[in-house]
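**Student:** There's a structure below that I have some questions on.
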Amino acid sequence: MKRRRGSAGKEAGSRPYQQLLQEAARLLAQGEAAGFDDARRKAAARLGFSLRHPPDNAAIEQALVQYRALFHGDSRLAQVQQLRQTALKAMRLLARFEPRLVGPVLTGTAPPHSPVHLHLFADPPEAVALFLLDQRIPYEHDERRVRYGAEQWDTLPLYRFVAGDTTLELTVFPVQGLRRRPLSPVDNQPMQRADSAAVERLLEEDRPSY
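Here is the structure:
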């Protein structure tokens with residue numbers, strides 16, 4: 001006996017769903033939306049309809065990657081390469097804190113002027129601030145909330161500074177946080193993290209060959 005497709009599955013294969021998906025990706029790529037929720041709302045408003053089961057964050061992110069590859073090509077790759085190179089330089093400077101690259105710069109979905117997000121690990125977290133002061137790097141202190149489960153959140157210190165034209169955001173976890181990854185706001189799965197060796201490999205893989 002054939003299994004009936006749920007309404008979410010039907011919508012995912014429909015023309016309106018694909019239109020909404022592509023418009024949301026376009027809005028993000030062009031910097032016309034502040035995030036996934038904003039992109040969904042604006043796409044629905046511009047197209048003049050809404051769906052009971054609109055594209056989720058992961059679907060929009062994948063469509064965004066495809067959009068940028070199609071319409072921005074080499075310029076997008078060069079932009080991501082530059083951000084990853086900046087990340088790698090910062091990771092080498094901050095090596096004592098076991099830095100990990102996370103977020104759009106790692107996944108390759110970073111828009112122009114995207115900040116570089118690094119996870120650092122230190123006990124106490126103020127060690128990062130002292131290091132930045134010692135290196136004479138001006139910074140801003142802030143906080144970031146991360147989620148580990150449906151109702152499990154943690155608030156962590158964040159240090160922000162600018163290198164050239166790029167903003168770097170350092171979220172500081174306790175040392176034991178190396179073994180526990182927070183959930184991604186994109187797909188609710190444990191966040192991808194990359195150490196400096198992995199970032200070096202990404203740069204090497206994306207380097208053009210002649």
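So the sequence shown is residues 1 to 210, counted in my numbering. For each residue, glycine too, the CB sits at the ideal point set by N, CA and C.
Based on Cα-Cα distance, which residue from Tyr139, Pro182, Gly164, Ala163 lies nearest to His119?
**Tutor:** Taking the first residue of the sequence shown as 1, we reach residue 119 at position 119. Ranking the options by Cα distance to His119, first place goes to Pro182.
**Student:** In chain order, what residues of the same chain lie with their CB nearer than 8 Å to the CB of Leu47, ignoring the 5 residues before and after it?
**Tutor:** Looking up residue 47 in the sequence shown gives position 47. So the list reads Pro16, Gln19, Leu20, Glu23, once near-sequence residues are dropped.
**Student:** When the Cα of Glu204 is compared with those of Tyr148, Arg84, Gly164, which residue comes out closest?
**Tutor:** Indexing the sequence shown from 1 puts residue 204 at position 204. The residue with the shortest Cα to Cα distance from Glu204 is Arg84.
**Student:** Please identify the residue among Ser14, Glu61, Val128 whose C-alpha is closest to the C-alpha of Ala95.
**Tutor:** If you number the sequence shown from 1, residue 95 lands on position 95. Ala95 has its Cα closest to that of Val128, out of Ser14, Glu61, Val128.
**Student:** Taking C-beta to C-beta, are Val199 and Leu101 nearer than 8 Å?
**Tutor:** Walking along the sequence shown from the start, residue 199 turns up at place 199. Walking along the sequence shown from the start, residue 101 turns up at place 101. Result yes, Cβ atoms of Val199 and Leu101 sit closer than 8 Å.
**Student:** Taking the alpha-carbon of Gln79 as reference, which of Asp154, Thr166, Gly149, Ser50 has the nearest alpha-carbon?
**Tutor:** Position 79 of the sequence shown, counting from 1, holds the residue named residue 79. Comparing Cα positions, the closest option is Thr166.
**Student:** DSSP state of Arg181, grouped into three classes?
**Tutor:** In the sequence shown, the residue the question calls residue 181 occupies position 181. In this structure, Arg181 counts as coil in the three-state DSSP scheme.
**Student:** With distance defined between alpha-carbon atoms, name the residue in Ser14, Asp195, Ser196, Val186 nearest to Thr109.
**Tutor:** The residue labelled residue 109 in the question sits at position 109 within the sequence shown. Closest option to Thr109, Cα to Cα, is Val186.
**Student:** Apart from the five residues just before and just after Tyr122, which ones in its own chain have a Cβ nearer than 6 Å to its Cβ?
**Tutor:** Within the sequence shown, the letter at position 122 stands for residue 122. The sequence shown places Ala at residue 122, not Tyr. Counting only Cβ-Cβ distances below 6 Å, and skipping sequence neighbours, we find Phe97, Val128, Val172.
**Student:** With DSSP as the reference, label Tyr139 as helix, strand or coil.
**Tutor:** Within the sequence shown, the letter at position 139 stands for residue 139. Coil at Tyr139, not helix or strand.
**Student:** Please return the same chain residues whose Cβ sits closer than 8 Å to the Cβ of Ser7, not counting the five positions on each side in sequence.
**Tutor:** Along the sequence shown, read from residue 1 onward, the residue named residue 7 stands at position 7. Model confidence at Ser7 stands at a pLDDT of 48, short of 50, so the residue's coordinates are unreliable; what they give is reported in the following sentence. Excluding sequence neighbours, Ser7 sits near Arg52, His53.
**Student:** Is DSSP giving Phe173 helix, strand or coil here?
**Tutor:** To locate residue 173, count along the sequence shown from 1; it is residue 173. Strand.
**Student:** Output the boundary residues of the alpha helix (DSSP H) element that contains Leu20.
**Tutor:** Your numbering for residue 20 matches position 20 in the sequence shown. Taken as a continuous stretch (DSSP letters only), the alpha helix (DSSP H) holding Leu20 covers 15 to 29.
**Student:** Compute the beta-carbon to beta-carbon distance between Ala29 and Tyr67, rounded to the nearest angstrom, for a pair I have assumed lies under 8 Å.
**Tutor:** As a first step, residue 29 must be located in the sequence shown, where it is residue number 29. As a first step, residue 67 must be located in the sequence shown, where it is residue number 67. So it is a contact: roughly 5 Å between Cβ atoms.
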